[in-house]
Amino acid sequence: MDSVKLPVLEVRTVALDDAGELLEWTSPDAPLAFLRRGDGIVGLGEAVRVPAASWTALADAALVDDSVGMPGSGLVAFGSFPFRRDRPQELVVPAVVVGRRDGRSWVTTVGAAAAERTPLGAAPTAELSPGAVTAAAYRDAVAAATRAIAAGRASKVVLARDLGGSIPPDSDRRATLARLAAAYPDTWAFAVDGMLGASPETLVRVSRGEVTARVLAGTAAPALDDAAPLSSAKNRSEHEFAVRSVLETIAPLAADVSHTDPFILTLPNLRHLATDVRGALAPGRSVLDLVAALHPTAAVGGTPTDAALELIAELEPLDRDRYAGPVGWVDAAGDGEWAIALRCARITPDGAVTAWAGAGIVADSDPDAELAETGLKLRPVIDALS
């Protein structure tokens with residue numbers, strides 16, 4: 003971290019009368035966004051990119067004039083981190099940030115940058131087909147995972163498969179994100195460094211010292227009755243692993259940690275078993291500390307973590323890149339909102355599309371059922387590009 007030369011940023015936030023459609027304030031080919039029900043923040047351009055470990059030093063040195071004082075105003079950086087913890091984690095500070103929360107809008111500029119608004123273009127379309135993991139290969143991997151679990155190597159492991167396709171390089175990526183956000187309004191609609199999606203899972207949120215998280219594990223098709231995820235022993239076991247993992251990880255970093263009883267979170271394409279966690283952030287900590295500690299949760303990796311990651315490396319012949327990694331934003335105070343990059347795809351500058359979905363495998367998992375679950379989880383991206 004000492005070798006990174008950090009600039010002194012001059013940051014100014016002022017109120018806007020009405021930001022309107024937030025996605026119009028970000029770039030068509032490289033959008034930066036973190037939204038929910040039309041509120042949130044979007045970014046335009048890039049003032050600086052730094053390692054996540056350098057964020058506190060960059061924020062401490064910045065000259066910030068913030069007359070708004072809302073979550074997401076002032077100095078803000080976006081991040082989309084790799085699933086693998088041994089890969090670099092970077093944050094990007096946009097040249098311009100436009101935000102809206104609780105009926106108030108604002109614009110933040112770094113240096114002499116100016117905000118620019120452009121209407122959304124047409125949504126691109128793409129046919130997605132199997133990538134590195136075919137349906138048959140995924141069934142085989144699930145069967146191998148259940149054997150490994152029976153042998154005592156792990157209690158749960160999450161295995162993913164992928165689809166690939168392409169869109170024209172000059173397509174408006176914002177239009178795809180707008181489709182996802184409209185179809186799944188209760189999710190985090192995000193776009194950072196080519197990753198875009200609509201995630202239902204809050205990894206962690208910190209606002210003025212309050213920590214909140216939402217754990218999702220255990221899935222059922224929407225045609226099933228409300229009790230289906232709770233009544234399944236497989237789903238209950240999978241969910242308990244995930245909740246226990248989050249509670250044990252948060253405990254050293256927060257006080258007064260509590261959690262709700264499991265409840266059903268209903269989305270347009272499926273239902274999840276969910277638990278909300280709450281606590282008070284420990285002094286001297288930031289949302290990035292929690293992100294680093296929590297990732298990967300049992301919901302996207304498995305348990306025990308190291309054993310599950312070994313099985314993923316053995317049984318999953320694909321690169322997750324930033325799928326199932328943390329995605330969100332952090333401000334100068336160390337507050338922020340981070341989701342897990344699920345129901346998402348990576349779109350490269352030349353238009354190549356890769357989408358991923360995974361399922362939690364436990365001892366009694368059925369390969370056909372797990373394949374079907376990944377199909378449900380791929381629907382948001384498939385539909386957004388159809």
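Using our numbering, you'd call the opening residue of the sequence shown number 3 and step up by one each time.
Built from N, CA and C at the ideal position, the CB exists for glycine as well.
No experiment lies behind these values; they were computed from the predicted model shown.
Query: Which residues mark the beginning and the end of the alpha helix (DSSP H) in which Arg175 is found?; Result: Arg175 to Ala185
Query: Measuring straight from C-alpha to C-alpha, what distance separates Glu118 and Gly22?; Result: 13 Å
Query: Please check if any C-beta of chain C sits within less than 7 Å of the C-beta of Pro171.; Result: In the displayed structure, chain C is absent; only one protein chain is listed.
Query: Taking 8 Å as the threshold, find out whether the segment 38–51 comes into contact with the segment 96–103 through three or more Cβ pairs.; Result: yes
Query: Going by the beta-carbon positions, is the gap between Met393 and Ala343 smaller than 7 Å?; Result: Residue 393 cannot be examined here, being either before or after the span of the chain that is shown, 3 to 388.
Query: When DSSP labels each residue in this structure, what does Ile169 get in the three-state scheme?; Result: coil
Query: Near Asp4, which residues of its chain fall below 6 Å by C-beta distance, leaving aside the five closest residues on each side in sequence?; Result: The predicted position of Asp4 is uncertain, since its pLDDT is 48 and thus under 50; no value can be drawn from it.
Query: Going by DSSP, name the residue or residues bridged to Glu250.; Result: DSSP lists no partner for Glu250.
Query: For Ala143, I'd like the list of residues in its chain whose CB is within less than 6 Å of its CB, leaving aside the five on either flank, ordered along the chain.; Result: Leu161 and Leu317
Query: Taking the alpha-carbon of Thr28 as reference, which of Asp278, Pro96 and Pro298 has the nearest alpha-carbon?; Result: Pro96
Query: Taking a contact to mean a Cβ-Cβ separation below 7 Å, would you say Glu240 touches Val159 in this structure?; Result: no
Query: Quick one: grab the DSSP three-state call for Lys7.; Result: coil
Query: Which of helix, strand or coil does DSSP assign to Thr307?; Result: helix
Query: Just how far apart, CA to CA, sit Ser201 and Ala191?; Result: 7 Å
Query: Could you spell out the range, first to last residue, of the alpha helix (DSSP H) harbouring Trp190?; Result: That residue, Trp190, is in no alpha helix (DSSP H); its beta strand (DSSP E) goes Trp190 to Val194.
Query: For the 8 Å Cβ check, are there 3 or more pairs between the segment 174–188 and the segment 245–254?; Result: no
Query: So Val217 and Thr277 are supposed to be a Cβ contact under 8 Å. How far apart are they, rounded?; Result: 5 Å
Query: Could you tell me whether the segment 31–40 touches the segment 105–116, using the rule of 3 or more Cβ pairs below 8 Å?; Result: no
Query: Taking only three categories from DSSP, how would you classify Pro369?; Result: helix
Query: Going by C-alpha distance, which of Ala147, Ser69 and Pro264 is nearest Ala310?; Result: Ala147
Query: Please look up how many angstroms separate the CB atoms of Arg348 and Asp323, rounded, as I've assumed it's under 8 Å.; Result: 6 Å
Query: Can you find the residues in the same chain that come closer than 8 Å, C-beta to C-beta, to Ala145, ignoring five residues on each side of it along the sequence?; Result: Pro369
Query: Does the Cβ-Cβ distance between Thr356 and Asp88 come in under 7 Å?; Result: no
Query: Grab me the residues of Glu129's own chain with a C-beta within less than 6 Å of its C-beta, minus the 5 sequence neighbours each way, in chain order.; Result: Gly167
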